[in-house]
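Novice:
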Amino acid sequence: MTLELLIENYGYLAILILTSAQPVAAQEPARKIDLASLGPKVGESVPDFKLQDGRGQWWTRDSAMGPQGAMIVFSRSADWCPYCKTQLVELQGRYQDITKQGLGLVAISYDAPETLKKFADSRGITFPMIADPGSAIIKRYGLLNETMDPATRFYGVPHPGTFIVDP
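If you read the sequence shown in this note's numbering, its first letter stands for residue -3, the second for the next number, and so on.
#1: Which class does S33 belong to by DSSP, given the choice of helix, strand or coil?
#2: Can you find the residues in the same chain that come closer than 6 Å, C-beta to C-beta, to P109, ignoring five residues on each side of it along the sequence?
#3: Span of the beta strand (DSSP E) holding A116?
#4: Looking only at its chain, what residues have a beta carbon closer than 6 Å to the beta carbon of A22, apart from the 5 residues adjacent to it on each side?
#5: Taking all protein chains shown into account, do 16 or more other C-beta atoms lie within 10 angstroms of the C-beta of S71, making it buried, or fewer, making it exposed?
#6: Between the Cα of I94 and those of P63, A74, D44, spot the shortest distance and give me the residue it belongs to.
#7: Could you tell me whether the segment 72 to 86 touches the segment 149 to 163, where touching means 3 or more Cβ pairs closer than 8 Å?
#8: Just tell me which of P163, I133, G138, D117 has its CA closest to the CA of A32.
#9: Measure from the alpha carbon of F123 to the alpha carbon of each residue in P156, I104, L140, then state which is nearest.
#10: Taking the C-alpha atoms as reference points, what is the distance between G161 and K28?
#11: By DSSP, does D93 sit in helix, in strand, or in coil?
#12: Would you report the Cα separation of K113 and V38, rounded to the nearest angstrom?
#13: Between which two residues does the beta strand (DSSP E) harbouring A66 extend?
#14: Please classify L99: does DSSP put it in a helix, a strand, or coil?
#15: Cα separation between T56 and P43?
Dropping the structure here:
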């Protein structure tokens, strides 16, 4: 597949590929990330949380549950990440199907509540998008992306992940 075909079929993807180069990162050796080591494992209990959404409502792991469990989505950012924005909009499109299966749905990111509210309002998102601005829950879930420079606005971002948990 050529770059021209990517631009034609996946415009947002091509834009990200073209703009994601970071000169500082190019000077550092690439860090290998063992993806299998990230996050809770099948059969493990997941940590509880108490976080606020963009509308001021507080959510816990248990309050996010539907009768059959919950889909907990960790998203990098509803502010700057085009993949995450697309995923959140697509989840809204499937929200009714998810709840029909008895699952609750929450998306957690390090974004501030105001950022999440603005995105939810502009895109018609009705499921809870909850803020973990200090990344405490992201860390407890073992998803903190430690390759990000703590001196940048990207520090605190999680490795994206989706977990289906039972009650």
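Ideal placement from N, C-alpha and C gives every residue a C-beta, glycine not left out.
Specialist: Considering the structure as presented:
#1: Numbered from its first residue, the sequence shown carries residue 33 at position 37. Helix at S33.
#2: Translated into the one-based positions of the sequence shown, residue 109 becomes position 113. Contacts found: Q48, G50, A127.
#3: Position 120 of the sequence shown holds residue 116. From DSSP, A116 is part of no beta strand (DSSP E) but of the alpha helix (DSSP H) over 109 to 119.
#4: Mapped onto the sequence shown, residue 22 falls at position 26. In this predicted model, A22 has a pLDDT of only 49, less than 50, meaning its place in the structure is not dependable enough to derive any value.
#5: Within the sequence shown, the letter at position 75 stands for residue 71. Label assigned to S71: buried.
#6: Numbered from its first residue, the sequence shown carries residue 94 at position 98. The shortest Cα separation from I94 among P63, A74, D44 belongs to P63.
#7: yes
#8: In the sequence shown, the residue the question calls residue 32 occupies position 36. When only C-alpha atoms are compared, the closest one is G138.
#9: Your numbering for residue 123 matches position 127 in the sequence shown. Looking at the Cα atoms, I104 is the closest of the given residues.
#10: The residue you call residue 161 lines up with position 165 of the sequence shown. The residue you call residue 28 lines up with position 32 of the sequence shown. One detail in the question is off: residue 161 reads as Val in this sequence, not Gly. Taking the straight line joining both Cα atoms gives about 28 Å.
#11: Mapped onto the sequence shown, residue 93 falls at position 97. DSSP places D93 in helix when its eight states are reduced to three.
#12: Residue 113 sits at position 117 when you count from the first residue of the sequence shown. Residue 38 sits at position 42 when you count from the first residue of the sequence shown. For K113 and V38, the distance between alpha carbons rounds to 32 Å.
#13: As a working note, residue 66 is residue 70 in the sequence shown. Looking at the DSSP string, the run of the beta strand (DSSP E) that includes A66 is 65 to 70.
#14: Taking the first residue of the sequence shown as 1, we reach residue 99 at position 103. Looking at L99 - three-state DSSP - the assignment turns out to be strand.
#15: Reading the sequence shown from its first residue, position 60 is the one you call residue 56. Reading the sequence shown from its first residue, position 47 is the one you call residue 43. Rounded to the nearest angstrom, the two C-alpha atoms are 10 Å apart.
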